[in-house]
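J.: Numbering (our numbering), first residue to last: 593 to 730. Dropping a structure here in structure tokens format, bear with me for questions.
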Amino acid sequence: MTTLPLPDMSDPLASPHWQALSQGRIAMQRCGACGHVRWPAALSCPECLTEGGEWNTLSGRGTIWGYAVYETPLHPEFAGLCPYAVALVHLEEGPMIHGRMLDPPEELDCGLPVVAVFEQLADGIGIARFRLEQSRGS
Ligand SMILES: [Zn+2]
593 MTTLPLPDMS
603 DPLASPHWQA
613 LSQGRIAMQR
623 CGACGHVRWP
633 AALSCPECLT
643 EGGEWNTLSG
653 RGTIWGYAVY
663 ETPLHPEFAG
673 LCPYAVALVH
683 LEEGPMIHGR
693 MLDPPEELDC
703 GLPVVAVFEQ
713 LADGIGIARF
723 RLEQSRGS
């Protein structure tokens, strides 16, 4: 049993995102009027203010926009992982999302392509981590 803080699965606004993570995918709202994909979840589009939007499964691919290396664990459960990096990933659909990197910090750099890897934190509760994308050509 994890002692990590867990998302509120009953949050009516964001629960589709958390449900998707538990199923091994990233889902975010796409505006029906302008197509903007947004995170965090919101009642209306921050670009055009149209209310609503459809939940869509994203590719799980993006690039490292920035990252921080933790020499001291943010939570006691991460003590054995130090040093580890948490990246702000610019998803190819547009939004940014934080995720712990599975690769050693010395292998990371801004702009490198990454893919989401899904982990179950507790029964029915998943989270996205990221790893460097392997070279597609070789
Ligand atoms: Zn919009």
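Where a beta carbon is used, it is the ideal one built from N, C-alpha and C, also for glycine. If you're wondering where the values come from, they're calculated on a predicted model, not measured in any experiment.
The beta strand (DSSP E) with Leu724 in it runs from where to where?
T.: Within the sequence shown, residue 724 is the residue found at index 132, counting from 1. Unbroken beta strand (DSSP E) run through Leu724: Ile717 to Leu724.
J.: Mind the definition here: the segment 660-673 touches the segment 702-714 only if three or more C-beta pairs lie below 8 angstroms; say whether that holds.
T.: No, because fewer than three Cβ pairs between the segment 660-673 and the segment 702-714 fall closer than 8 angstroms, the two stretches do not touch.
J.: Assign Glu725 to buried or exposed, taking buried as 16 or more other Cβ atoms, counted over all protein chains shown, within 10 Å of its Cβ.
T.: Looking up residue 725 in the sequence shown gives position 133. Flag for Glu725 reads exposed.
J.: At a cut-off of 6 angstroms, would you count Ala625 as near ligand 1, judging by its Cβ distance to the nearest heavy atom?
T.: Position 33 of the sequence shown, counted from the start, is the residue given in the question as residue 625. Indeed, a heavy atom of ligand 1 lies less than 6 angstroms from the Cβ.
J.: Which residue marks the beginning of the alpha helix (DSSP H) containing Leu613, and which one marks its end?
T.: As a working note, residue 613 is residue 21 in the sequence shown. Its alpha helix (DSSP H) spans residues Ser607 to Ser614.
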